[in-house]
Amino acid sequence: MQNTLWQSVLGEIELSVPHATFVTWFKNTELVECTDEQVTIAVPNIFAVRQFQVKFTDQIKQILAKNGVEPAHIEYIVKSSSGRRTTVSRETTMAARPDVTENSSRLTAPVTQNGSLNPRYTFSNFIVGSSNDLAYTACQAVAQYPGTKYNPLFLYGGVGLGKTHLAQAVGNEIVKNQPDARVVYISSETFVKEFLDSIRFKKKGFSDKYRNVDVLIIDDMQFIANKEKTQEEFFHTFNALHQNNKQIIITSDKPPRSIPTLTERLRSRFEMGMPIDIQMPDFETRCAIIEAKAALSNIELDRETVEYLANNIKTNIRELEGALNQLLAYAEMRGVTPDVSTAEGLLGNVRRSRPQHVTSKQIIDKTAKYFSLSPAEICSAQRDKHIVTPRQIAMYLLRSELHLSFPKIASELGRKDHTTAIHSVEKIEKSIKLDFTVREQVAEIRERLYA
Amino acid sequence: MELTVTQENLTRALGAASRVAGTKTQLPILSNILLRTDGTRLMVAATNLEIASTQHIGAKIINEGAITVPSRLITEFVASLPKTTVTLKVKDNKLHLEAEGYSSTINGAVADDFPELPTINDKTAVSYAIDTSALKQAITQTILTTSSDSTRPVLTGVYWHSHDGALYLAATDGYRLSEKRLVATKSDVAAIIPTSTLQEVLRTLSDDVTEVEVLFDESQVRFRMNDAEITSRLIDGNFPDYRQLIPASSETVITIGRSEFAQITKVAGLFARESGGSVTITANSDKNTVSLHSVASELGENTSEAEADINTDGQVTLNSRYLTEALAVTEGNEVTFRFSGKLSPCVLESNTPDNDYQHVIMPLKS
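Top to bottom, those sequences are chains A and B.
So the number in this note's numbering is just where the residue sits in the first sequence, counting from 1, plus 58.
So the number in this note's numbering is just where the residue sits in the second sequence, counting from 1, plus 19.
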């Protein structure tokens, strides 16, 4: 709201002043407060404060009035820009110093490298449900006793389920408790890139850089999986930190043992701490997330709308947020209250991208393909183990996705007896709870079905 | 506008202002200097939107008014004039200057387009009156260790802050650190002043100024030096908590004459050019000598020795350039140089009871 108001003010001013003037004074300005009494505008520096007060106040007042805002007076403040710079740029220049002092030990200042942590990610705005409460509790324990409780902490789970949020929340909490702790958050991609640069440009100091931090958070570990030298470098970093009881937090989309190209010594190390998976949020959690997000925008959604959204987007919290934002933006733009009918009108698109009309044939084909079998083999009478489990999974999917009756399921797979189908579905339901591999397989086939 | 001023005064004011006037800027008027009558005086001002510099000079005002003119041209023109009085006259956005045989017209721009100069509220701002020589010294001592790495903006300035009832200045580039205690204070201050601003203050300070008034508010600082004023933005961000880096005590303490120490460091430095200034300092408590050893693998090597008071033997390697520079800004005839082993920070300070300056240098890993 404020943003659009300010954009329209800027748009009008841009037309009325020379371009150089506009760029010099109005770039990086922001409307931070807008009430009947007072409008507060953040400007980049003290020079701008004075310039605005003397030269632009009248013009801004006029344009604000045109937009229906008539404040008693306008206040200008200098914008503070701290916390925007990323660690990445800072780090690279440290290594790139042309100075002769490269081998000089730096003042090991509490020059906190937490710049890369996003302060938005905290424990308090993480929504806990049965799918992630274990991860949440473990993370809190780590934040309280970094380096001693669960080290390394290995978080894994699908896209958009909150791994990064939790990992960063730990970092932020530790910084809050000990402001001088050095917390480094880095994506594994950046790690690889810096490592390659250090080889390419023969830069020194790479190996030390991550070895004297207090908390190291590596996001999306799977990306270093097939890079052998990087893994080796990381292995040494890992050992150095672990030996000094420094906390290591790793996130990945798969558990260590499912990352195929991860070297054995890294795998065993990742598994020695605490590998925890974050699962798909259940319906109730999804509802809670939607409500919390809507509350952030000061909007209360009725029960029906919340449930509609939660019902329609099941797999990914990011997508859920996207749909909610779309709904709220649409409602605000049109000046209507967001309700089920608006949501239905809007999210038609969302749903269409996930076609509901999956056929039983598709399920059988995809399952067969996933396990590198032919559909005929799955439907045959063969009882080899490598065929039996896929067949059972296919039955389970027919039941869970299409809600077919058991006799129908049996006939789809060329069985006569519907009790086979009942047994299979029950068996898979049970294994999903116990066995990660099965859960993973089912999830992946499901993903492919709707892809 | 019509007035007369002396060439010396005008040249001095233009010189100070033109250093600040913007050169590469999107707003062309920033490369101009503002001339405006202010009561019985002439105000000369320039800004690059980071620093603003204003000078007031005595003038005989005939008509009030204001104009802005290109900084370089007017500065160089006035500087080449003979030392007499100069008459300035504005007509149709043109500035006519006349002085004993010289007469020129400079095309200017309306003063209204010039950015408004920032104001500071004298009542709410924290202000200090600081003796000029003390201020000059404090700035020289700390500015040395500021960083030029623009990706860590907070280190590219000097951190002025109150601590335990005193105003401190501190600066570090990650390899060395300096801290100066300046004056007593009751107010809370925490401001990072850009290095370029402080350099400008040093240049502007003339000898006839005895006291400088320094005013802080949340986002700016102003230095008032009689008729000249420099206002600057502050660097946004938190300065690292540097105090814990200064070791309170060290194993090896060397007390040595400052000039002797500087001399042997300088000599050892000659042989350390290849190795990035690396010299090894050895303290021998039996012989009470300090020796500096440096090796230039191709050229030769050097050992320089001087007498000193030493409590325990010790050895440390550091960059001789840092040590030379630190010794140059440390006061007193005798200094103490202390360190603990090869890795922890070394501290150089004046050996006087009321010492207010500490310089920390990180050793080189050898």
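Just so it is clear, CB atoms sit at the ideal spot from N, CA and C, and this is done for glycine as well.
Same chain, Cβ closer than 7 Å to residue i, neighbours up to 5 away in sequence not counted
i             : result
residue 132/A : 97, 99, 115, 118, 119
residue 348/B : 159, 160, 163
residue 186/B : 147, 179, 201, 202, 204, 208
residue 169/A : Low per-residue confidence applies at residue 169/A: pLDDT is 40, beneath 50, and the placement is therefore not dependable, though the value from the model is reported in the following sentence. Excluding positions up to five away in sequence, the list is empty.
residue 26/A  : The requested residue 26/A is not part of the displayed model; chain A covers only 59 to 509.
residue 312/A : 214, 280
Residue i versus the options, residue with shortest Cα-Cα distance
i             : options                   : result
residue 446/A : 210/A, 429/A, 246/A       : 429/A
residue 316/A : 494/A, 85/A, 93/A         : 494/A
residue 417/A : 129/A, 504/A, 305/A       : 504/A
residue 507/A : 108/A, 258/A, 424/A       : 424/A
residue 301/B : 104/B, 310/B, 75/B, 272/B : 310/B
residue 251/B : 364/B, 177/B, 59/B        : 177/B
residue 112/A : 353/A, 83/A, 357/A, 222/A : 83/A
residue 353/A : 223/A, 185/A, 247/A       : 185/A
residue 38/B  : 20/B, 157/B, 89/B         : 89/B
residue 126/B : 136/B, 115/B, 119/B       : 115/B
residue 32/B  : 53/B, 375/B, 305/B, 42/B  : 53/B
residue 366/B : 269/B, 236/B, 384/B       : 269/B
residue 88/A  : 326/A, 182/A, 61/A        : 61/A
residue 327/A : 251/A, 358/A, 208/A       : 208/A
residue 23/B  : 338/B, 113/B, 118/B       : 118/B
residue 232/A : 199/A, 282/A, 245/A       : 199/A
Residue i to residue j span [Cα, whole Å]
i             : j             : result
residue 293/A : residue 324/A : 6 Å
residue 360/B : residue 307/A : 34 Å
residue 239/A : residue 61/B  : 54 Å
residue 35/B  : residue 46/B  : 21 Å
residue 229/A : residue 389/A : 36 Å
residue 266/B : residue 238/B : 32 Å
residue 144/A : residue 193/B : Because residue 144/A carries a pLDDT of 30, less than 50, the predicted location of this residue cannot be relied on, and no value is offered for it.
residue 27/B  : residue 233/B : 27 Å
residue 348/A : residue 225/A : 21 Å
residue 188/A : residue 344/A : 11 Å
residue 218/A : residue 375/A : 5 Å
residue 149/A : residue 304/B : Caution is warranted here: a pLDDT of 29 is assigned to residue 149/A, below 50, making its placement in the model unreliable, and no coordinate value can be reported.
residue 297/B : residue 355/A : 59 Å
residue 282/B : residue 156/B : 22 Å
residue 56/B  : residue 226/B : 26 Å
residue 426/A : residue 272/A : 48 Å
residue 388/B : residue 242/B : Outside the shown range of chain B (20 to 385) lies residue 388/B, about which nothing can therefore be said.
residue 99/B  : residue 121/B : 10 Å
Test item: CB-CB of residue i and residue j under 8 Å
i             : j             : result
residue 354/B : residue 280/B : yes
residue 179/B : residue 202/B : no
residue 206/A : residue 303/A : yes
residue 434/A : residue 453/A : no
residue 261/B : residue 325/B : no
residue 78/B  : residue 72/B  : no
residue 316/B : residue 287/B : no
residue 343/B : residue 271/B : no
residue 97/B  : residue 196/B : no
residue 103/A : residue 66/A  : no
residue 288/A : residue 249/A : yes
residue 240/B : residue 210/B : yes
residue 332/A : residue 431/A : no
Proximal residues to residue i (C-beta, below 6 Å), its chain only, five neighbours per side dropped
i             : result
residue 401/A : 363, 366, 385
residue 328/B : 274
residue 371/B : 351
residue 75/B  : 60, 62, 246
residue 371/A : 377, 378, 381
Own chain residues within Cβ distance below 8 Å of residue i, not counting five before or after
i             : result
residue 218/B : 162
residue 48/B  : 87, 128, 132, 133, 134
residue 175/B : 165, 166, 167, 168, 169, 213, 214, 254
residue 375/B : 199, 200, 201
For residue i: DSSP bridge partner residues
i             : result
residue 358/B : 271/B
residue 92/A  : 97/A
residue 243/A : 275/A
residue 333/A : 212/A
residue 325/B : 309/B
Residue-level contact to chain C via CB, residue i, 8 Å cutoff
i            : result
residue 82/A : Although the question refers to chain C, the structure presented lacks it and instead comprises the protein chains A and B.
beta-carbon residue i near the ligand NAP non-hydrogen atom, thresh 7 Å
i             : result
residue 490/A : For the ligand NAP, the structure offers nothing, since it holds no ligand at all.
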